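J.: Start counting the sequence shown at 61; every next residue gets the next number (my numbering).
Structure incoming, see below.
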Amino acid sequence: MDIRQRLSANLRRLRLEQGWSQEDYADRSGVHRTYVSDIERGSRNPTITVVEKLAAPFALTASDLLG
């Protein structure tokens, strides 16, 4: 599994564990819903700044989300 696939899997798993829709999560992270969807599908390669935004609602670091 490459890093993009790991990010996609971790992001979706964590989001669903919280019971958040992509829209809820987008609002919490400050990342547009369609971008979240693209990342979860593995069709986007986000910058580290975006990964940090994605990690924040889970109180994780970017490294945690990528691990």
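From the three backbone atoms N, C-alpha and C, an ideal C-beta is built for every residue, glycine too.
These figures come from a predicted structure and were not determined experimentally.
1) Measuring alpha carbon to alpha carbon, tell me which of 77, 87 and 100 ends up nearest residue 66.
2) With 16 other CB atoms within 10 Å as the buried threshold, where does residue 10 fall?
3) Just checking my contact of residue 114 with residue 71 at CB under 8 Å: how many whole Å lie between their CB atoms?
4) With residue 70 as the anchor, note down where its alpha helix (DSSP H) starts and where it stops.
T.: The short version:
1) 100
2) For residue 10 there is no data in the structure shown, the boundaries of the chain being 61 and 127.
3) 6 Å
4) 63-78
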